[in-house]
Each structure stands twice: as structure tokens, then as C-alpha cells.
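Per this note's numbering, the sequence shown runs over residues 86 to 249. Structure first, then comments.
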Amino acid sequence: MKNEFLQYLKKAVNGATTLIRSIDDTDLDWTPTYGGRSVLEIITHLGTLLDTDIRIGKGELMSFDAVKGFELNANIKNSEDAATFLENGLNYVITYFEGILPQDMDKKDLHFFYEDENRSYNHLLIELLEHLSLHKGILFSYLRQLGYNASMGTYYGYKPASKE
86 MKNEFLQYLK
96 KAVNGATTLI
106 RSIDDTDLDW
116 TPTYGGRSVL
126 EIITHLGTLL
136 DTDIRIGKGE
146 LMSFDAVKGF
156 ELNANIKNSE
166 DAATFLENGL
176 NYVITYFEGI
186 LPQDMDKKDL
196 HFFYEDENRS
206 YNHLLIELLE
216 HLSLHKGILF
226 SYLRQLGYNA
236 SMGTYYGYKP
246 ASKE
């Protein structure tokens, strides 16, 4: 099961990096609504979330402020930075899970500071996919609102988007 999840995560990251790399740097400051995240803030969060979710589970990031600090320290300035950070995050995830034996995947060794009970490695895999898909969908919506010809081919990583 672990290998299937990791294969799907690779596909999801490919789609996310296609979306991210489609963004023109002149659109990075755009925000859909007052108080919403800018494109740069979304791609920074998307680019770092694989790393942060693992580090949260391991107890290395123990608050939302620590997560925000990690995102700021990533120093993402443009779409290429975010895509590269996300690709490196995928490698981090793969390496991390290579060290976990199949029989240990159900062990509840992980603690997320925002949850009361410990979680399993299987839970973390699901969390990674869910979190990535959520923010990938938000970014897809942003691109459409900005006038990009983003399609499902873009979402799944087969066709870059461009401004119409």
C-alpha cells in the first residue's frame, strides 16, 4: 500500500509543479479576495507542505508559528523556487518512507501538535495526499481566475497553462 501511495504522490506533485511553473511572476502578488492568500503565499505553502507535514509528525515543528517560520526560511521568491522546493520535498518524503518497514506503517508513532492522539505512518501518507490536493485545487482555481487556460491536463501535469 505504501508504494502505491508514494506513486500517486509523485503524480500529484507532477501536477502541482506543472501548475506552479505555469505562473507568470507578474501574478505572484494577486489575491482573490481581501484577506486571502496571494499566489506567492499559496505556492510557498504548496511548495513546503510535504516537508512541513513530515516535520510536524516527527515533532520538529510544534506550532503554526513554527510552520510559518519554516515557510519563510524556504525563501521562495518565484514559481521556479516553489516547484523546486516541492520536488525536493517529494524526495524527502520518499527517503523518509523508505526507512519505515511495511509492518510498522500502522504504528502510531507520529504526533501532530494540532491533534489529540498520535497517528500512524499510513495516516501521514493520506494526510500528505489530502493536503497537497487541497492546495493544488486552490492554485488551479487561482489560475482560472487570473485568465490562464488551465485544464484538467494542467491539473494532472500533462499540459502547462498559459495566459489567454
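Glycine included, every Cβ here is placed at the ideal spot set by N, Cα and C.
Residue i versus residue j: straight-line alpha-carbon distance, rounded
{"i": "Glu-89", "j": "Lys-95", "result": "10 Å"}
{"i": "Thr-129", "j": "Ser-107", "result": "15 Å"}
{"i": "Asn-207", "j": "Lys-244", "result": "31 Å"}
{"i": "Glu-215", "j": "Ser-236", "result": "20 Å"}
{"i": "Tyr-233", "j": "Pro-187", "result": "42 Å"}
{"i": "Gly-222", "j": "Tyr-240", "result": "8 Å"}
{"i": "Ser-205", "j": "Leu-91", "result": "16 Å"}
{"i": "Gln-230", "j": "Tyr-177", "result": "32 Å"}
{"i": "Glu-212", "j": "Ala-97", "result": "13 Å"}
{"i": "Met-190", "j": "Asp-201", "result": "20 Å"}
{"i": "Glu-249", "j": "Thr-116", "result": "19 Å"}
{"i": "Ile-185", "j": "Arg-122", "result": "35 Å"}
{"i": "Tyr-93", "j": "Gly-120", "result": "33 Å"}
Under 8 Å between C-beta atoms of residue i and residue j
{"i": "Arg-140", "j": "Leu-146", "result": "yes"}
{"i": "Leu-135", "j": "Leu-195", "result": "no"}
{"i": "Gly-154", "j": "Phe-197", "result": "no"}
{"i": "Asp-114", "j": "Leu-209", "result": "no"}
{"i": "Ala-246", "j": "Leu-219", "result": "no"}
{"i": "Glu-165", "j": "Thr-133", "result": "no"}
{"i": "Gly-242", "j": "Asn-99", "result": "yes"}
{"i": "Phe-225", "j": "Lys-87", "result": "no"}
{"i": "Ala-168", "j": "Thr-118", "result": "no"}
{"i": "Ile-179", "j": "Phe-170", "result": "no"}
Option in the options with minimal Cα separation from residue i
{"i": "Glu-172", "options": "Ile-105, Glu-249, Met-86, Lys-248", "result": "Ile-105"}
{"i": "Asn-203", "options": "Leu-213, Ile-211, Lys-192, Glu-212", "result": "Lys-192"}
{"i": "Asn-163", "options": "Ile-127, Leu-217, Leu-213", "result": "Ile-127"}
{"i": "Tyr-199", "options": "Gln-230, Gly-121, Val-152, Arg-122", "result": "Val-152"}
{"i": "Ala-159", "options": "Tyr-93, Thr-116, Leu-125", "result": "Leu-125"}
The region 142-158 contacting the region 97-112, beta-carbon criterion three pairs below 8 Å: no
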